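Enquirer:
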Amino acid sequence: MFIDKVKIYVKSGNGGNGAVSFHTEKYVPNGGPDGGDGGKGGDIILVATKAKNTLNDFHFAKHFRAQNGENGAPKRSYGKQGKDLVITVPVGTVVRDFESGKIITDMFEEDKPFVLLKGGRGGKGNTHFKTSTRQAPHFSQTGEKTIEREIVLELKTIADVGLIGFPNVGKSTLLSVISEAKPKIANYHFTTLSPNLGVVKFYDSEFVVADIPGLIEGAGQGLGLGHEFLRHIERTRCLVHVIDVSGHEGRDPYQDYLAINEELAVYSEELVKRPQIIVANKMDMPDSQKNLEELKSKLPDKVIVPLTAIIAEGIEELMKQIVKLIESLPPVTPLEYEPFEYETINREHFEVKNMGEGIFEVSGGLMEELGRRVVFDDSESLKFFQKMLRQKGVIAALRKAGAEDGDTVVIGDIEFDFVD
Ligand SMILES: Nc1nc2c(ncn2[C@@H]2O[C@H](COP(=O)(O)OP(=O)(O)OP(=O)(O)O)[C@@H](O)[C@H]2O)c(=O)[nH]1
Ligand SMILES: [Mg+2]
Numbered sequence: 004m005f006i007d008k009v010k011i012y013v014k015s016g017n018g019g020n021g022a023v024s025f026h027t028e029k030y031v032p033n034g035g036p037d038g039g040d041g042g043k044g045g046d047i048i049l050v051a052t053k054a055k056n057t058l059n060d061f062h063f064a065k066h067f068r069a070q071n072g073e074n075g076a077p078k079r080s081y082g083k084q085g086k087d088l089v090i091t092v093p094v095g096t097v098v099r100d101f102e103s104g105k106i107i108t109d110m111f112e113e114d115k116p117f118v119l120l121k122g123g124r125g126g127k128g129n130t131h132f133k134t135s136t137r138q139a140p141h142f143s144q145t146g147e148k149t150i151e152r153e154i155v156l157e158l159k160t161i162a163d164v165g166l167i168g169f170p171n172v173g174k175s176t177l178l179s180v181i182s183e184a185k186p187k188i189a190n191y192h193f194t195t196l197s198p199n200l201g202v203v204k205f206y207d208s209e210f211v212v213a214d215i216p217g218l219i220e221g222a223g224q225g226l227g228l229g230h231e232f233l234r235h236i237e238r239t240r241c242l243v244h245v246i247d248v249s250g251h252e253g254r255d256p257y258q259d260y261l262a263i264n265e266e267l268a269v270y271s272e273e274l275v276k277r278p279q280i281i282v283a284n285k286m287d288m289p290d291s292q293k294n295l296e297e298l299k300s301k302l303p304d305k306v307i308v309p310l311t312a313i314i315a316e317g318i319e320e321l322m323k324q325i326v327k328l329i330e331s332l333p334p335v336t337p338l339e340y341e342p343f344e345y346e347t348i349n350r351e352h353f354e355v356k357n358m359g360e361g362i363f364e365v366s367g368g369l370m371e372e373l374g375r376r377v378v379f380d381d382s383e384s385l386k387f388f389q390k391m392l393r394q395k396g397v398i399a400a401l402r403k404a405g406a407e408d409g410d411t412v413v414i415g416d417i418e419f420d421f422v423d
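Here is the structure:
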């Protein structure tokens with residue numbers, strides 16, 4: 004099993020509700036309001052680690068919910084904050100909104116937390132709604148309710164060097180002799196079924212190499228293991244193109260070189276332009292020397308390093324060439340994108356619509372915000388609501404839209420008569 008793309012469901016915690024309560028004490032008959040605020044809901048936080056290089060963890064666990072904030076309580080007790088939920092992903096995970104496909108973030112750096120979804124704000128307790136004329140507010144604010152979001156995680160491995168080539172040419176063998184990685188090696192096609200990463204140390208240099216499954220002609224159109232794995236070498240500085248120069252599988256090394264580059268070109272114009280070092284592998288085989296000369300004559304401007312990976316012969320020269328090339332290239336950078344953010348309601352915005360027949364609808368973030376605060380069967384709360392409508396200019400806007408006394412105003416699922 005190798006998962007490098009997965010859809011998950013995430014929800015930050017709801018805010019806790021504010022409390023309605025009044026101070027009670029012996030001999031203090033009419034204590035003031037003392038309802039505490041609700042706690043903030045937990046955030047959903049992403050953190051990237053190098054300790055993982057697949058998204059396999061998300062095969063079964065797809066639902067993530069941060070804790071809700073607790074409700075406020077009497078005696079001005081604040082509700083406890085909901086715990087944040089931290090989701091760990093491999094470095095190189097690109098996070099998108101499922102619906103729009105837009106990128107939310109590129110988890111490029113290790114250990115740098117990213118707040119994916121903020122927890123809902125806690126509602127205010129009734130202590131906040133006491134005024135000189137309203138001594139005993141019987142209402143409080145509801146905590147902010149959060150929405151579950153659908154997110155796509157897609158791993159795009161980050162490495163310095165990508166190993167490419169036909170199946171069975173010795174890519175994994177090469178990785179195994181230059182790094183501590185222990186990829187599967189065998190004498191058949193498609194031994195490697197998912198990317199392997201290895202860290203290579205050469206004198207003072209250190210770089211990361213990604214080995215992917217073999218490509219074949221037509222991979223660009225989805226043949227063989229197809230395109231699937233090319234995204235794991237997209238974020239590299241250079242490519243090492245391994246060719247079986249012995250020709251013992253009946254293919255011509257030069258044709259192999261062209262075919263693989265054709266595949267890269269079909270996949271991405273950029274990838275085919277990436278600097279390449281050519282490795283002529285299996286130099287221990289009978290026809291290799293002759294084929295190498297021929298390959299060199301056909302590609303006179305290219306760096307071609309002869310190698311016998313199986314006995315690590317030629318490794319020193321290859322390492323030198325790789326280090327020299329990498330040092331001349333810029334580091335891999337995060338994706339460029341316009342970050343997508345989940346809409347947080349604009350709490351000041353409202354719109355008035357004349358529906359005809361004396362009915363006017365008011366909608367928008369301000370209405371949702373006020374709606375959260377108001378208890379409509381409470382006359383005082385309603386008074387507060389009307390006051391806010393006036394203060395925020397809603398009444399004036401209704402007038403302007405043509406509302407007259409006795410007309411009907413609709414806000415969400417409540418209705419009332421318009422009286423200025
Ligand atoms: N004679 C010879 N055989 C080699 C050499 N390097 C690798 N091999 C053999 O070639 C076969 C394939 O090696 P792998 O490293 O699995 O090749 P790969 O390119 O990773 O293959 P896929 O993962 O299937 O794409 C194995 O049997 C290796 O032992 C070499 O320098 N000389
Ligand atoms: Mg392999």
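Each residue of the sequence shown is one higher than the last, beginning at 4 in my numbering.
Glycine included, C-beta positions come from ideal geometry on N, C-alpha and C.
As the structure is a computational prediction, the values presented were derived from the model and not from experiment.
Quick one: is the Cβ of T160 within less than 8 Å of any heavy atom of ligand 2?
Expert: The answer is no for T160.
Enquirer: Please confirm whether F210 and I329 have their CB atoms less than 9 Å apart.
Expert: Yes, Cβ-Cβ distance for F210 and I329 is below 9 Å.
Enquirer: What first and last residue would you give for the beta strand (DSSP E) that runs through R238?
Expert: Segment: none, R238 is in no beta strand (DSSP E) and carries neither H nor E.
Enquirer: Going by DSSP, what residue range makes up the alpha helix (DSSP H) through Q394?
Expert: It spans 382–394 - the alpha helix (DSSP H) in which Q394 sits, taken as one unbroken run.
Enquirer: Between N59 and N20, is the Cβ-Cβ spacing less than 9 Å?
Expert: No, Cβ-Cβ distance for N59 and N20 is not below 9 Å.
Enquirer: Which residues in the same chain have their Cβ closer than 8 Å to the Cβ of L178, if we skip the five residues on either side of it in sequence?
Expert: For L178, where only same-chain residues beyond five positions count, the Cβ hits under 8 Å are L166, A184, P186, N199, G201, V212, D214.
Enquirer: So the beta strand (DSSP E) G359 belongs to, where does it begin and stop?
Expert: Note, G359: beta strand (DSSP E), 354–359.
Enquirer: Put R350 into one of helix, strand or coil per three-state DSSP.
Expert: Coil at R350, not helix or strand.
Enquirer: Tell me, to the nearest whole angstrom, how far the beta carbon of I154 is from that of V13; I am working on the premise that it is less than 8 Å.
Expert: Yes, I154 and V13 are in contact; Cβ-Cβ is about 6 Å, under 8 Å.
Enquirer: Considering just the uninterrupted stretch of the alpha helix (DSSP H) at D259, what are its terminal residues?
Expert: From DSSP, the alpha helix (DSSP H) with D259 extends over 256–270.
Enquirer: Using the rule of at least 16 other Cβ atoms within 10 Å of the residue's Cβ for burial, across every protein chain shown, is Y345 buried or exposed?
Expert: Its Cβ having fewer than 16 others within 10 Å, Y345 is exposed.
Enquirer: Mapping the DSSP letters down to three states, classify N284 as helix, strand or coil.
Expert: Note: N284 maps to strand in three-state DSSP.
Enquirer: Three-state secondary structure (DSSP) at M110?
Expert: M110: strand per DSSP, three-state reduction.
Enquirer: Would you mind working out which of I318, V378, T176 sits nearest T145, comparing C-alpha positions?
Expert: Ranking I318, V378, T176 by Cα distance to T145 puts V378 first.
Enquirer: Verify the contact flag: S175, CB atom, against every heavy atom of ligand 2, threshold strictly below 8 Å.
Expert: Yes, the Cβ of S175 comes within 8 Å of a heavy atom of ligand 2.
Enquirer: Is the beta carbon of I313 less than 9 Å from the beta carbon of T96?
Expert: Going by C-beta atoms, I313 is not nearer than 9 Å to T96.
Enquirer: Using 8 Å for Cβ pairs, my map puts N71 next to G16. What's the rounded Cβ distance?
Expert: Rounded, the Cβ-Cβ distance is 4 Å, consistent with contact.
Enquirer: Cα-Cα, which of L373, F111, I417 is closest to R238?
Expert: The shortest Cα separation from R238 among L373, F111, I417 belongs to F111.
Enquirer: So for G201, helix, strand or coil by DSSP?
Expert: Residue state, collapsed to three classes: strand.
Enquirer: Enumerate in chain order the residues of its own chain whose CB-to-CB distance from I188 is below 6 Å, with the five nearest sequence positions on each side excluded.
Expert: Same-chain partners within the cutoff: S175, T176.
Enquirer: Taking 9 Å as the threshold (C-beta atoms), are F421 and E407 in contact?
Expert: A contact, by the Cβ cut-off of 9 Å.
Enquirer: Counting C-beta neighbours from all protein chains within 10 Å, is the total for P116 16 or more, i.e. buried, or is it exposed?
Expert: Burial call: exposed.
Enquirer: Give the C-beta separation of A76 and G45 to the nearest angstrom, bearing in mind that I take them to be a contact with Cβ-Cβ under 8 Å.
Expert: A76 to G45, Cβ: 19 Å. No contact.
Enquirer: Is it true that the CB of V203 sits closer than 9 Å to the CB of I325?
Expert: Taking 9 Å as the Cβ cut-off, I325 and V203 qualify as a contacting pair.
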